[in-house]
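J.:
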Amino acid sequence: MAERVLRPRRSNLAVPGSSPKMLEKAKGLPADQVFLDIEDAVAPLAKPEARKNIVAALNEGGYGNKVRTVRVNDFTTEWTYRDVIEVVEGAGANLDCIMLPKVQTAEQVVTLDTLLTQIEKANGLEVGRLGIEAQIENALGLVNVDAIAAASPRVETIIFGPADFMASINMRTLVVGEQPAGYTEGDAYHYILMRILMAARAHDKQAIDGPYLQIRDVDGYRRVADRAAALGFDGKWVLHPGQVDAANEVFSPKQDDFDHAELILDAYAYYTSEAGGKLGAVMIGSEMIDEASNKMALVISGKGRAAGMQRTIWFDPASDDARSSAPPEAS
Ligand code: GLV
Ligand code: MG
């Protein structure tokens, strides 16, 4: 099986496969990921054409370093097998993942995995390279989310699909991301988001928040995105170019936090070394750090580095606050 790579996914841009114009435009937008849709953004009669448009757009190239995903229809429809076969046979070498919506059981993920393996073998593609992104969009999917996350090494993300989910559980609201009227205590999404996050983290997957439909309200987008980012989610869908920058910003560490994390990593590496005295818990400036601080710093630093961030302070054991504004070579 192919080795899985960790892909940055702060912004996940939805692109309807029925629109060659949008498939083209997406190539130039600064989203970490595009997902080319054959599901709910495409009318039933337009699905055959959408498959063809997507294959053509992928083979033509131009998506740069973006993660290239295709969302197929869910396994309760008559379209899924043909979506997968047509897209992977037609453009498997220019594709990274298949997104499976409305996943309800681990068996559905295993079925997709088996189908992908067969297509890869029959077409000379590297077996196991294509990942699976599993959308949780109803109560049964959420109840089974642990097994879904563990169902295949291909699974890379667990995605919350709030619109379908709210409909499936009869939540009393029409506005995705906003609290249902009458629910005055707490956050109605908290349990769902945390449940998805726990399953993702327990099985080493990424957790992705779904869409925010008020596409002109970028402040609203930011507010809802920030909730998921604060909990630990890795990214969120964007439905409009105007949401891309907000997603990239919200899901990247702040510069101060990135600098701080880099400082902790360097200081901890130094103080635990022979030269630094083989220490465990140590002080950097007025802050005590230990192995757990190092782990937290690795998370922030990993996200920042994946986003291409550059540090602006460096570790200097000789300075009072352990910081230097110049890299060691230059000081
Ligand atoms: C996304 O697919 C959603 O249903 O929110
Ligand atoms: Mg949906």
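Our numbering puts the first residue of the sequence shown at 39, with every later residue one more than the last. By construction, the Cβ of each residue, glycine as well, lies at the ideal position given by its N, Cα and C atoms. Model, not experiment: these values are computed from the prediction.
1. Please state if the CB of I76 and the CB of T107 are separated by a distance shorter than 9 Å.
2. Counting pairs of beta carbons, one from the stretch 284-297 and one from the stretch 337-349, are three or more of them closer than 8 Å?
3. Taking Cβ to Cβ, would you say A226 is nearer than 9 Å to I196?
4. With a Cβ-Cβ cutoff of 9 Å, do D247 and D78 count as a contact?
5. Need the endpoints of the alpha helix (DSSP H) that K159 sits in, please.
6. Assuming A263 and A284 form a contact by the criterion Cβ under 8 Å, report the distance between their Cβ atoms to the nearest whole angstrom.
7. Considering just the uninterrupted stretch of the alpha helix (DSSP H) at Q281, what are its terminal residues?
8. Could you give the uninterrupted runs of the alpha helix (DSSP H) lying entirely in the stretch 178-263, keeping only those of 4 residues or more?
9. Who are the Cβ neighbours of S56 in its own chain at under 6 Å, not counting the five residues just before and after it?
10. Along the chain, where does the beta strand (DSSP E) that runs through V105 open and close?
11. Taking only heavy atoms of the ligand MG into account, decide whether any of them is closer than 8 Å to the Cβ of D78.
12. Quick one: is the Cβ of G199 within less than 8 Å of any heavy atom of the ligand MG?
13. Are at least three pairs of beta-carbons, each pair with one atom in the stretch 94-113 and one in the stretch 139-149, less than 8 Å apart?
14. Classify G169 as helix, strand or coil using the three-state DSSP reduction.
15. Using a Cβ-Cβ cutoff of less than 8 Å, which residues in the same chain neighbour N97 once the five nearest sequence positions on both sides are dropped?
16. Does any heavy atom of the ligand MG sit closer than 8 Å to the C-beta of K59?
17. Taking only the alpha-carbon atoms, compute the straight-line gap between M334 and E325 and give it to the nearest angstrom.
18. Please report the distance separating the alpha-carbon of P218 from that of P82.
19. Among P68, I234, E158, which residue has its Cα nearest to the Cα of N178?
20. Using only the alpha-carbon positions, how far apart do R167 and G199 sit?
21. Within 10 Å of its beta-carbon, does D70 have 16 or more other beta-carbons around it, so buried, or fewer, so exposed?
22. Use the C-beta contact count for V165: other C-beta atoms within 10 angstroms, 16 or more gives buried, fewer gives exposed.
23. For T222 versus D297, is the C-beta spacing smaller than 9 Å?
24. For G169 versus R42, is the C-beta spacing smaller than 9 Å?
25. Consult DSSP for F296 and reduce its assignment to one of helix, strand or coil.
26. Below 8 Å on the Cβ atoms is my contact criterion, and I expect G270 with A305 to pass it. Report the Cβ-Cβ distance as a whole number of Å.
27. Taking I338 and A299 to be in contact with their CB atoms under 8 Å, please state how far apart those CB atoms are, rounded to whole angstroms.
28. When you compare the CB positions of E175 and K140, do they come within less than 9 Å of one another, or not?
29. Rounding to the nearest angstrom, what Cα-Cα distance links E329 and A187 in this structure?
30. Does the separation of the CB atoms of L251 and V276 fall below 9 Å?
T.: On the basis of the data shown:
1. In the sequence shown, residue 107 corresponds to position 69, counting from 1. In the sequence shown, residue 76 corresponds to position 38, counting from 1. For T107 and I76, no; Cβs fall outside 9 Å.
2. In short, these stretches touch, since the Cβ pair count reaches three.
3. Walking along the sequence shown from the start, residue 226 turns up at place 188. Walking along the sequence shown from the start, residue 196 turns up at place 158. Not in contact: A226 and I196 (Cβ atoms no closer than 9 Å).
4. Here residue 247 corresponds to residue number 209 of the sequence shown, with the count starting at 1. Here residue 78 corresponds to residue number 40 of the sequence shown, with the count starting at 1. For D247 and D78, no; Cβs fall outside 9 Å.
5. Sequence index remark: in the sequence shown, residue 159 carries index 121 (1-based). K159 -> alpha helix (DSSP H) spans 144-160.
6. Here residue 263 refers to the residue found at position 225 when the sequence shown is read from its first residue. Here residue 284 refers to the residue found at position 246 when the sequence shown is read from its first residue. Between A263 and A284, the beta carbon gap of about 7 Å places them in contact (Cβ cut-off 8 Å).
7. Reading the sequence shown from its first residue, position 243 is the one you call residue 281. Residues 279-288.
8. Inside the stretch 178-263, DSSP marks whole alpha helix (DSSP H) runs of 4 or more residues at positions 183-188, 200-206, 228-240, from first to last along the chain.
9. Counted from its first residue, the sequence shown places residue 56 at position 18. Cβ neighbours of S56 within its own chain (closer than 6 Å, five residues either side excluded): V80, A84, A88.
10. Here the question's residue 105 lines up with position 67 in the sequence shown. Counting along the chain, the beta strand (DSSP E) containing V105 begins and ends at 105-109.
11. Translated into the one-based positions of the sequence shown, residue 78 becomes position 40. Short note on D78: C-beta closer than 8 Å to some heavy atom of the ligand MG.
12. Along the sequence shown, one-based indexing puts residue 199 at 161. At least one heavy atom of the ligand MG sits closer than 8 Å to the Cβ of G199.
13. Yes, they touch.
14. In the sequence shown, counting from the first residue as 1, residue 169 sits at position 131. Strand at G169.
15. Sequence index remark: in the sequence shown, residue 97 carries index 59 (1-based). Excluding its 5 nearest sequence neighbours in each direction, N97 has C-beta neighbours in its own chain below 8 Å: G128, A129, N132, listed in chain order.
16. Walking along the sequence shown from the start, residue 59 turns up at place 21. Flag unset: Cβ of K59 not near the ligand MG.
17. Your numbering for residue 334 matches position 296 in the sequence shown. Your numbering for residue 325 matches position 287 in the sequence shown. Rounded to the nearest whole angstrom, the C-alpha separation of M334 and E325 is 14 Å.
18. The residue labelled residue 218 in the question sits at position 180 within the sequence shown. The residue labelled residue 82 in the question sits at position 44 within the sequence shown. Their Cα atoms are separated by approximately 31 Å.
19. Taking the sequence shown and counting its residues from 1, the one referred to as residue 178 is at position 140. As written in the sequence, residue 178 is Leu, which differs from the Asn given in the question. If we check each option's Cα against that of L178, I234 comes out closest.
20. For the purposes of this step, residue 167 is taken as the residue at position 129 of the sequence shown. For the purposes of this step, residue 199 is taken as the residue at position 161 of the sequence shown. For R167 and G199, the distance between alpha carbons rounds to 25 Å.
21. Here the question's residue 70 lines up with position 32 in the sequence shown. Note on D70: 16 or more other CB atoms within 10 angstroms of its CB, so buried under the neighbour-count rule.
22. Translated into the one-based positions of the sequence shown, residue 165 becomes position 127. With fewer than 16 Cβ atoms within 10 Å of its Cβ, V165 is classed as exposed.
23. Locating residue 222 in the sequence shown gives position 184, counting from the first residue. Locating residue 297 in the sequence shown gives position 259, counting from the first residue. Contact annotation: T222 and D297 have beta-carbon atoms that are not nearer than 9 Å.
24. Working through the sequence shown from its first residue, we reach residue 169 at position 131. Working through the sequence shown from its first residue, we reach residue 42 at position 4. Yes, Cβ-Cβ distance for G169 and R42 is below 9 Å.
25. In the sequence shown, residue 296 corresponds to position 258, counting from 1. In the structure shown, F296 sits in a helix (DSSP, three-state: H, G or I).
26. In the sequence shown, residue 270 corresponds to position 232, counting from 1. In the sequence shown, residue 305 corresponds to position 267, counting from 1. Contact between G270 and A305 fails: their C-beta atoms lie close to 24 Å from each other, not under 8 Å.
27. Here residue 338 corresponds to residue number 300 of the sequence shown, with the count starting at 1. Here residue 299 corresponds to residue number 261 of the sequence shown, with the count starting at 1. Indeed they touch by this definition, with Cβ atoms about 4 Å apart.
28. Within the sequence shown, numbered from 1, the residue matching residue 175 stands at position 137. Within the sequence shown, numbered from 1, the residue matching residue 140 stands at position 102. Contact flag set, yes.
29. Here residue 329 refers to the residue found at position 291 when the sequence shown is read from its first residue. Here residue 187 refers to the residue found at position 149 when the sequence shown is read from its first residue. About 28 Å.
30. Within the sequence shown, residue 251 is the residue found at index 213, counting from 1. Within the sequence shown, residue 276 is the residue found at index 238, counting from 1. No, the pair does not count as a contact, with Cβ atoms beyond the cut-off.
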